[in-house]
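In my numbering, the protein residues as written are 2 to 362. Structure record follows, encoded as structure tokens.
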Amino acid sequence: MTPMQAYTDTEMANWLESTDPAQLATLYQKAYAVKQQFVGNKVYYRGLIEFSNVCQKNCLYCGIRRGNTNVERYEMNDTEILEAACWAHQQRYGSIVLQGGERETPAFTKRIEDLLNQIHAKTNNELGITLSLGEQSESTYRRWLAAGAKRYLLRIETSNPDLYSSIHPSDHDFDRRVACLKTLHNLGWQTGTGVMIGLPGQTAMDLVKDIHFFKKLDVDMIGMGPYIPHNDTPLGQKVSNFDGARQLQRALTMIALTRMQLRDVNIAAATALQALNPQGRERGIEAGANIIMPNLTETRYRTGYQLYNGKPCMDENAGMCRFCLEGRIASVGESVGYGEQGDAPHFLRRIQHTQGNHSAA
Ligand code: 5AD
Ligand code: SF4
Ligand code: FES
């Protein structure tokens, strides 16, 4: 088949169940060709600032869930966050991601708003800012957009509501999460979502439906990665036969299929891929991803942000991750898009379309 031809759901499910390395290599090559055609051969950096592990939620899989008392909570102060953002700007990273545990309070909304204004003032408005701060009210999303962030990442985790219920406490609401994604999209955010791949109880058809979910929501960015058990979590403690190599393979297959179905979106090669294999992120690029998020978090805070077992780069700093990843990207024949924000072509197209409609009206 040509790269443009779509697979049926059954074919996609079969690919997700395949463990044949030679066959899968042909799939990844096709997905890589689609990536080259639609988003080119540059990889864009999103400098990741994990500024706090304080979270009001209690997701059953996550190492920084509220109920985990074995983790020391930290909070980077505004100066530290601004320094990290300026460092990224000096290195000509086109954009940064502010990520932290979920908190929904007026003080938190205000703090992020102020930080956004300060980052833009200090970086000459040149840095694209992505937020990854969970479910918030429409007015908070509006305020953060007005303060100059433009991309928002909110993983649906799984598009199957029953599976969602099985990995979250009963007060975590699937419908609200979907509503938040729709609000973000409607407000004009460049919108990203994603899932965990290989969750206990997840079928290949669930993952196929996840891809349909991405399509239906018309998202611009995908951030998804393998589920990896964390010892201090209820879900992690239930997993007894974790097969990291197979989990990596399944995640790469999901990246490849998503690239082939969605084509012009940005897809991240998640850090969790590298937790399963030292070359995990390069392999993500070769299977169709085009975004890498180098960690900018100060080294002393990194152990506090372990969402899963074996997260890499715990002892490294921002400079080390920068050069390490640059080498990894060059090793697969790609280059880093320094000085470019790297918006998803999908977003640019849909914005043009909207503007076109306005001017025609
Ligand atoms: N394994 C993989 N990814 C995880 N996340 C949280 N816990 C885990 C885990 N154990 C991911 C979720 C969340 C993102 C911030 O981290 O998908 O959205
Ligand atoms: Fe909090 Fe996100 Fe972890 Fe859930 S996955 S506990 S919302 S940091
Ligand atoms: Fe952090 Fe390699 S990516 S040191």
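Think of the CB as a built atom: it goes at the ideal place given N, C-alpha and C, for glycine as much as any other residue.
Can the beta-carbon of I168 be found closer than 8 Å to that of L200? yes
Spatial neighbours of G36 in its chain, beta-carbon cut-off 7 Å, leaving aside the 5 residues before and after: Reading the sequence as shown, one finds Lys at residue 36 and not Gly. So the qualifying residues of the chain are R260, G289 and N291.
Y62 by DSSP, collapsed to three states: which one? coil
Give me, in chain order, the residues of the same chain whose beta-carbon lies closer than 8 Å to that of I198; leave out the 5 immediate sequence neighbours on both sides. L208, M225, G226, P227, Y228, Q248, R251, A252 and M255.
Would DSSP call S96 helix, strand or coil? strand
Pocket of ligand 3 (residues with CB nearer than 7 Å to any heavy atom), chain order: Q275, P295, N296, P313, C314, E317, M321, C322, C325 and L326
Expressed to the nearest angstrom, what Euclidean distance is found between the alpha-carbon atoms of G102 and Q262? Going by C-alpha positions, G102 is about 31 Å away from Q262.
Is the closest heavy atom of ligand 2 to the C-beta of G224 under 7 Å? no
Cα-Cα separation between S160 and W16, rounded to whole angstroms: Taking the Cα positions, S160 is about 19 Å away from W16.
In chain order, which beta strand (DSSP E) runs of at least 3 residues are fully inside the region 164 to 196? 191 to 194
Any heavy atom of ligand 1 closer than 7 Å to the Cβ of Y165? Result no, Cβ not under 7 Å from ligand 1.
Is it the case that the CB of E103 approaches a heavy atom of ligand 2 more closely than 7 Å? Under cutoff, so the answer is yes.
Excluding five sequence neighbours on each side, which residues of the same chain lie with their C-beta closer than 7 Å to the C-beta of T184? In chain order, E139 and Y142 place their CB closer than 7 Å to the CB of T184, counting only its own chain and leaving out the 5 sequence neighbours on each side.
Along the chain, which unbroken stretches of the beta strand (DSSP E) at least 3 residues long are found entirely within the region 107 to 176? 129 to 133 and 152 to 154
Report the start-end ranges of each alpha helix (DSSP H) in the region 265 to 296 that is 4 residues or longer and not cut off at the edges. 272 to 277 and 281 to 287
Enclosing beta strand (DSSP E) for R247 [first to last residue]: Unbroken run through R247 is the alpha helix (DSSP H), G245 to L263; no beta strand (DSSP E).
Who pairs with L49 in a beta bridge, going by DSSP? V98 and N296
Would you identify the three-state DSSP class for P230, choosing helix, strand or coil? Three-state DSSP puts P230 in coil, outside helix and strand.
Please classify A108 as buried or exposed, where buried requires at least 16 neighbouring CB atoms within 10 angstroms. exposed
Tell me, to the nearest whole angstrom, how far the beta carbon of D221 is from that of A345; I am working on the premise that it is less than 8 Å. 4 Å
Taking C-alpha atoms, which residue in N42, Y45, M77 and C63 lies nearest to A273? C63
Bounding residues of the alpha helix (DSSP H) (the contiguous stretch that carries A86): D79 to Q91
Range covered by the alpha helix (DSSP H) that runs through C1: Outside the shown range of the chain (2 to 362) lies residue 1, about which nothing can therefore be said.
Taking the beta carbon of A85 as the centre, do at least 16 other beta carbons fall within 10 Å, making it buried, or is it exposed? buried
Nearest to N126 by alpha carbon, out of R351, H347, E341 and Q24? Nearest option by C-alpha distance: E341.
I need the straight-line Cα distance from R350 to P235, nearest angstrom please. 42 Å
Would the beta-carbon of I50 be found less than 7 Å away from any heavy atom of ligand 1? no
With 16 as the cutoff for other CB atoms within 10 Å, does M315 come out buried or exposed? exposed
How about the region 275 to 284 and the region 35 to 54: do they share at least three Cβ pairs that are nearer than 8 Å? no
For G305 and I97, the rounded distance between their alpha carbons: 20 Å
Determine the closest residue to I223 out of V196, A26 and K239, with distance taken between C-alpha atoms. That would be V196, whose Cα lies nearest to the Cα of I223.
Please determine, among K210, Q91 and V333, the residue with the shortest C-alpha to C-alpha distance to M13. Cα-wise, what sits closest to M13 is K210.
May I have the straight-line CA-CA distance separating Y153 from L25, to the nearest angstrom? Those two C-alpha atoms are separated by around 32 Å.
Which class does K43 belong to by DSSP, given the choice of helix, strand or coil? strand
Inter-residue Cα distance where the pair is T9 and N42: 28 Å
Cutting at 8 Å between CB atoms, please list the residues of its own chain near D265, excluding the five before and the five after it. F39, V40, A345, P346, H347 and R350
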